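First up is the structure itself, then whatever we jot down about it.
2 protein chains.
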Amino acid sequence: MTGAELTIETLLRRGVDTCFTNPGTSEMHFVAALDRTPAMRSVLALFEGVATGAADGYGRIAGRPAATLLHLGPGMANGLANLHNARRARTPVVNLVGEHALTHRDLDPPLATDIESLARPMSGWVGTVTAGDRLAATVDAAVDAAQGPPGTVATVIVPADLSWSDVPAGPTGGRARADGAATAAMPRLPERSPLGEVVAALRSGEPTAVVVGGRVCSGTALRRAAQVAASAGARLLAETFPGRLERGAGIPAPNRLAYLAELAQVQLDGLRHLVLVDAPLPVSFFAYPGMPGVLVPDGCAVHVLAGPADDVDGALDELARELGVAAAAPVPAPAAGRPDRPTGALTAESLAAAIGAVLPDGAIVSDESNTCGLHIPGTTAGCPPHDWLTLTGGAIGQGLPVATGAAIAAPDRPVLCLEADGSAMYTIQSLWTQAREGLNVTTVVLDNHAYGILAFELSRVGAGTAGPIAASMLELDRPDLDFVALATGMGVPANRASSADELVLLLEKAMAEPGPSLIHAPVPRTM
Amino acid sequence: MTGAELTIETLLRRGVDTCFTNPGTSEMHFVAALDRTPAMRSVLALFEGVATGAADGYGRIAGRPAATLLHLGPGMANGLANLHNARRARTPVVNLVGEHALTHRDLDPPLATDIESLARPMSGWVGTVTAGDRLAATVDAAVDAAQGPPGTVATVIVPADLSWSDVPAGPTGGRARADGAATAAMPRLPERSPLGEVVAALRSGEPTAVVVGGRVCSGTALRRAAQVAASAGARLLAETFPGRLERGAGIPAPNRLAYLAELAQVQLDGLRHLVLVDAPLPVSFFAYPGMPGVLVPDGCAVHVLAGPADDVDGALDELARELGVAAAAPVPAPAAGRPDRPTGALTAESLAAAIGAVLPDGAIVSDESNTCGLHIPGTTAGCPPHDWLTLTGGAIGQGLPVATGAAIAAPDRPVLCLEADGSAMYTIQSLWTQAREGLNVTTVVLDNHAYGILAFELSRVGAGTAGPIAASMLELDRPDLDFVALATGMGVPANRASSADELVLLLEKAMAEPGPSLIHAPVPRTM
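Order-wise, the sequence lines are chains A and B. Be aware that the first sequence starts at 1, since it is given in our numbering, and climbs by one per residue. Be aware that the second sequence starts at 1, since it is given in our numbering, and climbs by one per residue.
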């Protein structure tokens, strides 16, 4: 058995059965091994950022890691931005990165680089396999690290000579040591507060908010947190960019902390207690002149019920017991309801109404709509239950790949990708993989012909108003991008919506038909 | 004066007057400063790999650095693959990378990463500015490092609070220390051989080759090296992937060492002396089972006349003097001549003939044609003088960005981009920048519907023949990519060539008209 075969067998044994690939020569033995291990589903991407973003989307929906297969340092580099987002989402991902045979790397051939230095900032765990009998143990350790808690990106670097050589087969059962270790990119673990302190805060009668994040944004944990907050008269907030937020009619609806620090400060104003449940301390996304970085108001105490590495369900149950909150306690949640189908001009508002009017039951929404999409969370709050995947790490170019991976994890669910024009162009190659795999993804490109957020941020950072040169760096209208042509060029059927009425019809048609499609939706700038 | 303004002023003072940008919020003060420093030409890219590859192409042609403007760690990450190629080409490039205010970074906001860890593998020099009065000195040091020799990629990381704050203006004149240092990514400097040893090798009468690389692939150095080799009866070889190779009728034509180790071994077989002039030791691009990594034959001595940090012109003049080679000594070079215009079916051979038949005088060729382009160097050898830019680091996705930057460096020269289908899709966003800037780039996409090189490498690495799953990871024909649609979607006029005759007509038309255009050229697989 070659090292490549053992690697794939070890992944399969651990339940990792999907691999997003963009291989090169140093990974050809992995490609060859795929023929002999057909249980590993391999999905080709035209660019590594598509592969890593798809692994993120897959992991958020499947709850277990996909693998990626990347080519040496440059292939790893091309995948890093979306691994950054996956790391921030605490999504389990296992990267396989080919490396030159180590003796060959020492000759400094053209493709040699320091892969570990590249991998570490975006991986919570990194290992370079140094011997064949360490391969299975190292892959096992990587899967363990990826799964967490906290979930993270684990990167296994496999020298080519180990992937082509015969290696000892089967599980190593702890006989050989693994190569690799956790990195500084793991989440900083906050100190848990004593339970009595959290209970006292929630019983204080003072203005209090429970902030949910990570694993508490869906399922039982979200309902339990909502019950606890309601019983204590506390507000329920969520971190700004959760990896996966379950929402819709009947599901607790925490207020997401605003991206804009000024608005988040309004949300937190007057609070005396914040109870964090798998949520980070609220800090500003960027620094601004004269603005505080930490957004907790003066005089507000911060309590940590559970952090990223803790048993959040157990902690919430214990808290509920202490507070006397029954399992059947009421769960405040939005009522069912949708906006009417909009008519007339296509604007950010009417587009949001159109999404709300048609979003199907059980949809997965990959949301990288940025400034154009501000109204969409409001119009979809009462839609049937769905999952919302957000731009966790702020590295744009996430939406299309995450939608791609989510559709592979959940082939029977409709996936809606809300994608801003500027962000779309970082990983537009995703459309080809969607076409190749026949994925049920409907992409709406919200096209305001600009990096809208930057035009807005330019004034917020105190840099004044854009003159003609600065403005030209923020505008995408010279030339206009034709997303219908781009999509059809990659095999995805596409149409342009010229009115809100037309958008509704196109959305319904796209979501009713199997396979991918794209709707180009030009909208006026909102900022 | 803000730190952002001082940074741009310092670059302008050092002759760096072109900046390829893909900024974010943390770089908005740089964008604002562009309005007040219009001498800095700023060119927007839709993806960072386009910006960095364009800086590489610019530097190879201009002989001085362009700047890039990148957004935090993820923006740096997206630009790394083409910085890898630039580093291997020893192209001078100065990256400006925005960073959070350092106090804000310590709060671990969503976009925080270890930018230096990302930058180091692809940068010969990295510095994070720690105080306003160190800014100008640090930018100066980065330009010094970038220019070399050896030329390299220098990365300056500028915290946002320094870019928005008032800083001491003007050149620092050594008053403040620079932040930053050279990294392990600098070329390893070989030990120079005593001149007498090189002279003895060339006078030995034994089989000898002079291998030129880097700065010896163009201009006076190339002619001088050719004179020396001819006078000594030595062969003239060139490194496999030079950054810029001057070639055509009347210009010395070193045989480039083959990418395939087996072929390079044939080229080197029987040699007793190799004289390296700014060229690396010949090593295999990849490791293969049972194959040597170093390609120097047994019994062949290696002599280094000059390395990447040395004065190559001085070393060659000194050698010529010792050998008694006059400045007017004959320079063996190809005679003028072109292939006839091909007719009939479009194949790799007829495509190569078409390029040779029409390549204009003074053209710049950005060559990422890979397996489909094997015949093109042969058909263009007798064309009028032109520059050939190659895939120096092996990180695909270079051709389109390099052509973009070269066209900005030399607006009066025709640029021909020979681009393979698979490689094109890594940085296809380049076409939009070409349209926006009205660049004289003609792109020919050589489309064999496959990662042709990988299908070939699969058998070479001993992995056998591809079964259906492995083959599907190497083929790009499900769905076919429509490069005409992709180009028009980004504002670049495009056509498809269905025969060799049609390709000739389309090439002549495209190169006669101003602005960019693309020709989609489907060809059968050659490997």
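The C-beta atom is built at its ideal place from N, Cα and C for all residues, glycine as well. Since the structure is predicted, the reported quantities are computational estimates derived from the model, not experimental observations.
Does residue i come out as helix, strand or coil in the three-state DSSP assignment?
i                     : result
residue 30 (chain A)  : helix
residue 74 (chain A)  : helix
residue 47 (chain A)  : coil
residue 98 (chain A)  : strand
residue 284 (chain A) : coil
residue 196 (chain A) : helix
residue 368 (chain A) : strand
residue 513 (chain A) : coil
residue 42 (chain A)  : strand
residue 203 (chain A) : helix
residue 173 (chain A) : For residue 173 (chain A), the predicted model reports a pLDDT of 49, less than 50, meaning its position is unreliable; a value from the coordinates is still stated below. In the structure shown, residue 173 (chain A) sits in coil (DSSP, three-state: anything other than H, G, I, E or B).
residue 335 (chain B) : coil
residue 64 (chain A)  : coil
residue 159 (chain A) : strand
residue 469 (chain B) : helix
residue 396 (chain B) : coil
residue 329 (chain B) : coil
residue 256 (chain A) : strand
residue 419 (chain A) : strand
residue 153 (chain A) : strand
residue 411 (chain A) : coil
residue 5 (chain A)   : helix
residue 501 (chain A) : helix
residue 12 (chain A)  : helix
Measure the CB-CB distance between residue i and residue j and report whether it falls below 8 Å.
i                     : j                     : result
residue 4 (chain B)   : residue 30 (chain B)  : yes
residue 452 (chain A) : residue 372 (chain A) : yes
residue 454 (chain B) : residue 516 (chain B) : no
residue 158 (chain A) : residue 132 (chain A) : no
residue 67 (chain B)  : residue 111 (chain B) : no
residue 42 (chain B)  : residue 364 (chain A) : no
residue 274 (chain A) : residue 209 (chain A) : yes
residue 445 (chain B) : residue 518 (chain B) : yes
residue 283 (chain A) : residue 25 (chain B)  : no
residue 54 (chain A)  : residue 45 (chain A)  : yes
residue 358 (chain B) : residue 504 (chain B) : yes
residue 8 (chain B)   : residue 72 (chain B)  : no
I'd like the span of the alpha helix (DSSP H) that includes residue i, first residue to last.
i                     : result
residue 459 (chain A) : 452 to 460
residue 483 (chain A) : 483 to 489
residue 322 (chain A) : 312 to 323
residue 377 (chain B) : 376 to 380
residue 262 (chain A) : 261 to 268
residue 529 (chain B) : Since the first and last residues shown for chain B are 1 and 527, residue 529 (chain B) lies out of range.
residue 447 (chain A) : No alpha helix (DSSP H) contains residue 447 (chain A), which is instead part of the beta strand (DSSP E) from 441 to 447.
residue 301 (chain A) : Run containing residue 301 (chain A): none in the alpha helix (DSSP H); it sits in the beta strand (DSSP E), 301 to 306.
Tell me whether residue i is buried or exposed, calling it buried when 16 or more other Cβ atoms sit within 10 Å of its Cβ.
i                     : result
residue 189 (chain A) : exposed
residue 140 (chain A) : buried
residue 173 (chain A) : Confidence in residue 173 (chain A) is poor, its pLDDT being 49 and thus under 50, which makes the residue's placement too unreliable to answer from.
residue 442 (chain B) : buried
residue 82 (chain A)  : buried
residue 335 (chain B) : exposed
For the beta strand (DSSP E) that contains residue i, what are its first and last residues?
i                     : result
residue 209 (chain A) : 208 to 212
residue 246 (chain A) : 245 to 247
residue 144 (chain B) : Unbroken run through residue 144 (chain B) is the alpha helix (DSSP H), 135 to 147; no beta strand (DSSP E).
Note down, in chain order, all residues in the segment 488 to 510 of chain B with a beta-carbon under 7 Å from any beta-carbon belonging to chain A.
Near chain A, meaning a CB-to-CB distance below 7 Å, the residues of the segment 488 to 510 of chain B are 488, 489, 490, 491.
Interface positions of the segment 407 to 432 of chain B facing chain A (Cβ-Cβ less than 8 Å), listed along the chain:
So the close ones are 422, 425, 426, 428, 429, 432.
Going along the segment 89 to 101 of chain A in order, which residues come within less than 7 Å of chain B, judged by CB to CB distance?
Interface annotation for the segment 89 to 101 of chain A against chain B: 100, 101, criterion Cβ-Cβ distance under 7 Å.
Short of 8 Å Cβ to Cβ, which residues in the segment 245 to 279 of chain B face chain A?
none
Report the residues of the segment 286 to 312 of chain A with a CB closer than 8 Å to any CB of chain B, ordered along the chain.
286, 287, 289, 293, 294
To be precise: take each residue of the segment 443 to 462 of chain A, compare its Cβ to all Cβ atoms of chain B, and keep it if any distance is under 7 Å. Which residues remain?
454, 457, 458, 461, 462
The segment 151 to 181 of chain A: which residues have C-beta closer than 7 Å to a C-beta of chain B, in chain order?
160, 161, 164
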